[in-house]
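Let me begin by presenting the structure, written as structure tokens, before commenting on it.
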Amino acid sequence: MRVVLITGASTGIGLATAKELLKRGDFVILTARKESLNRLAGADFLKKYPRHWIRPLDVREAQERNELLQMVDMEHGRLDVLINNAAVIYRAPIEFAYDFECKEQMNVNFHAPLELIKASLPLMRKSGGGHIINVSSAAGFMAVPTMGLYAASKHALEAASEALFHELAEWNIKISLIEPGFISSDSYLKARLSLALDRGFHPQTRNYSMQSNMITCLIERATRLTNASNEDVANQIAKVLNLKHPPLRSLVTLDAKVFSFLRRFLPGRIYDRLLAVCLRSLRSQVEASLTAPLPGRMDDLRS
Ligand SMILES: NC(=O)c1ccc[n+]([C@@H]2O[C@H](COP(=O)([O-])OP(=O)(O)OC[C@H]3O[C@@H](n4cnc5c(N)ncnc54)[C@H](OP(=O)(O)O)[C@@H]3O)[C@@H](O)[C@H]2O)c1
């Protein structure tokens, strides 16, 4: 029975993955921030699978990370799988991204997963190997306006994972990136809108608001049209965990596959032009649909 630790298991892909792995017989340690633990306590599906723990873990907190791993060591003496799933999304034009927004974005999505990996490695070595899953995104290999911070955090996670893929091979510790594109879920609504964009106190923010609006429109459409679900991502994670030689990257949704293909096989100049044309066309549609665009909140612009 594998011992699996999942971050951000209170909702979305993390929760779906926990369910899938419990069904498959793993011992799952579901972790979530203290304030989100109540979503898990008493969850019906957990009653069916007693082989689990629910533990508080804010991935930014070094003490919480270390105490949890010590507890895993004491009680289980092993950790077979670490799934770095927890993440946040900041929506900000780079020009107006505040320092604290950049730091928080990188802290949760890049720094914390790396610290968890570092703290897990001794445990994995002890049991002769392990598997680390880093939940990335199509934003791990491409970027669009107002999503630069999020994309930077996922690009960084991908680069570190690629290095780890080779560094850890000699200890039989595998590392896999899961790259979903658009998922039919409401997680994009939790994106944190940059303060500068939100308040619209600079003349340029009107233009940026339009860009932000255009991306919001794209995300809304795509999440409505896709039939990819959190469960599909969870299935892909479970599948990758069962492979003897898992690939470094696994694309999950059709849009992620298409963009990855274009990115890899089109000459860079053509790819960049193509994306620019698509974004311009989307912007025209959004502008046309707004009779009286207001700077500031995307919600205002959407309604
Ligand atoms: N949904 C998509 O379309 C999509 C597409 C591509 C990639 N992804 C990736 O998939 C993963 C899961 O996303 P999701 O769609 O399931 O999003 P979600 O529903 O927003 O879930 C994110 C999870 O991360 C947790 N989290 C945030 N900050 C944390 C912190 N400091 N410490 C511990 N946990 C924290 C959240 O906990 P709280 O509930 O306590 O905030 C939540 O459980 C992310 O890595 C995301 O980048 C998602």
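Quick note, this note's numbering runs 10 ahead of the 1-based positions in the sequence shown. The C-beta atom is built at its ideal place from N, Cα and C for all residues, glycine as well.
Exposure label - Gly-191; buried when at least 16 CB within 10 Å: Gly-191 is buried by the Cβ-count criterion.
So what does DSSP say about Glu-189, is it helix, strand or coil? strand
Based on the DSSP output, what are the partners of His-141 in its beta bridges? Beta-bridge analysis with DSSP links His-141 to Val-91 and Lys-184.
Nearest candidate by alpha-carbon position, reference Arg-43, set Asn-95, Lys-57 and Val-13: With distances taken between Cα atoms, Arg-43 lies closest to Asn-95.
Whether Arg-61 touches Ala-122 by CB criterion (7 Å): no
Output needed for Met-134: all residues of its chain with C-beta closer than 7 Å, excluding positions within five of it in sequence on either side, in chain order. Leu-89, Gly-140 and Ile-183.
Assuming Leu-264 and Pro-103 make a contact with CB atoms under 8 Å, what is their CB distance in whole Å? Going by Cβ atoms, the distance from Leu-264 to Pro-103 rounds to 29 Å, so no, they are not a contact pair.
Of the residues Ser-20, Tyr-198, Ile-229 and Gly-22, the one placed nearest Val-296, counting alpha carbons only: Ile-229
Residues of its chain near Ser-222, where Cβ-Cβ distance is below 7 Å and the 5 sequence neighbours each way are ignored: Arg-101, Thr-156, Leu-207 and Met-308
Cα separation between Leu-174 and Ala-72? Here the alpha carbon of Leu-174 sits roughly 21 Å from the alpha carbon of Ala-72.
What three-state label does DSSP hand Thr-41 in the structure shown? strand
Of all the alpha helix (DSSP H) runs that stay within the bounds of the region 19-68, which reach a length of 4 or more residues? 22-33 and 54-58
Just verifying my parser: in three-state terms, what is the DSSP assignment at Val-13? strand
Is any non-hydrogen atom of ligand 1 found closer than 6 Å to the C-beta of Lys-113, if you look at the structure I gave you? no
Taking 6 Å as the cut-off, is the C-beta of Asn-95 nearer than that to any heavy atom in ligand 1? yes
Round the Cβ separation of Ile-188 and Ser-171 to the nearest angstrom and send it over; I've been treating them as touching at under 8 Å. So it is not a contact: roughly 10 Å between Cβ atoms.
Roughly how many angstroms lie between the CA atoms of Ser-163 and Leu-124, to the nearest whole one? 12 Å
Mind reading off the beta-carbon distance from Asn-245 to Ser-194? Whole number of angstroms is fine, and I expect it under 8 Å. That pair is no contact at about 14 Å.
Kindly give me the distance between the Cβ atoms of Ala-126 and Thr-17, rounded to whole angstroms, as I take these residues to be in contact under 8 Å. It should be pointed out that residue 126 corresponds to Leu in this sequence rather than to Ala. Sure, about 7 Å apart at Cβ, within 8 Å.
Assuming Ala-129 and Arg-49 form a contact by the criterion Cβ under 8 Å, report the distance between their Cβ atoms to the nearest whole angstrom. Not really, about 25 Å apart at Cβ, beyond 8 Å.
So Leu-92 and Leu-15 are in contact, right, with Cβ under 8 Å, and what is the actual spacing, rounded? 5 Å
Should Gly-278 be listed as close to ligand 1, given that the test is whether its C-beta is under 6 Å from any heavy atom? no
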